[in-house]
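Read the structure below first, then the notes.
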Amino acid sequence: MLSLNHISTAAYHNSGVRREISSCHPGTHEVALKTISDWVENPSSRCLWLHGPAGTGKSAIALGHATTYTVAERCRLDRTLGATYFFIKGSTSGPPPIVPTLAYQLALAVPNLRDPLCTALYKDPTVLDRSMSEQLDTLIVRPLLMLSNRPAHIVIVIDGLDEC
């Protein structure tokens, strides 16, 4: 499948090498957590964008400690988590390997995605050197569209876009 040279395990929400994120203090961010929880259970759109100024708790809500309620951990337990990517400031010298990393995690979360993904890589092994949009189309969108038995919905959590 994908070589470990092309993915960033440090970007996983539960990576042992990523910096620790504070968890949400009890009673805080309840409205945001409820909105996200409702969306995960009954998506009203394909994308939910949590945004706000630096230091307002977006990372804590999305990825905090696995022992507390976080979006990524809840989705993992509910089996709706497809992939996570946590950008870390200064962690790469070139473009971050976000698409291969997400594709790899999706193939682990959705086992019937593995064959279409492997086929895409076999047909064009140089796709990993292409633009992010080409990688997204080749490694994620088209393989998902090939599935006859697609999951109802898959949650992908991306945090720290302002860090890249």
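Mapping of the sequence shown onto the working numbering: residues 291 to 454, in sequence order. Positions of the beta carbon are idealized from the N, C-alpha and C atoms, including for glycine. These numbers were taken from a predicted model, which means no experiment stands behind them.
Using only the alpha-carbon positions, how far apart do residue i and residue j sit?
{"i": "V400", "j": "G372", "result": "7 Å"}
{"i": "V321", "j": "D405", "result": "40 Å"}
{"i": "A397", "j": "P343", "result": "33 Å"}
{"i": "V361", "j": "L437", "result": "26 Å"}
{"i": "I351", "j": "H319", "result": "7 Å"}
{"i": "P441", "j": "A393", "result": "15 Å"}
{"i": "L367", "j": "Y375", "result": "17 Å"}
{"i": "N402", "j": "V431", "result": "14 Å"}
{"i": "A410", "j": "D328", "result": "34 Å"}
{"i": "T325", "j": "T346", "result": "16 Å"}
{"i": "D414", "j": "S335", "result": "32 Å"}
{"i": "T416", "j": "N439", "result": "28 Å"}
{"i": "R248", "j": "C337", "result": "There is simply no residue 248 to check, as the chain begins at 291 and stops at 454 in what is shown."}
{"i": "L323", "j": "L434", "result": "28 Å"}
In terms of residues, what are the limits of the alpha helix (DSSP H) holding residue i?
{"i": "T409", "result": "R404 to K413"}
{"i": "A362", "result": "V361 to D368"}
{"i": "W455", "result": "With the chain covering only 291 through 454, there is no way to say anything about residue 455."}
{"i": "L435", "result": "R432 to M436"}
{"i": "L398", "result": "I388 to A399"}
{"i": "A322", "result": "E320 to E331"}
Name the DSSP bridge partner or partners of residue i?
{"i": "D449", "result": "F376"}
{"i": "L418", "result": "Bridge partners of L418: none, in fact."}
{"i": "L371", "result": "V445"}
Going along the chain, which residues of its own chain have a beta-carbon closer than 7 Å to the beta-carbon of residue i, five neighbours each way excluded?
{"i": "V330", "result": "C365, T370 and V445"}
Apart from the five residues just before and just after residue i, which ones in its own chain have a Cβ nearer than 6 Å to its Cβ?
{"i": "H443", "result": "P333"}
{"i": "L340", "result": "K348"}
{"i": "I388", "result": "Y375"}
{"i": "Q395", "result": "A373"}
{"i": "D427", "result": "none"}
By Cβ distance, which residues of its chain are closer than 8 Å to residue i, with the 5 residues on each side in sequence left out?
{"i": "V447", "result": "H303, A352, L353, V361, A362, C365, L371, A373, T374 and Y375"}
{"i": "M422", "result": "P385, I388 and V389"}
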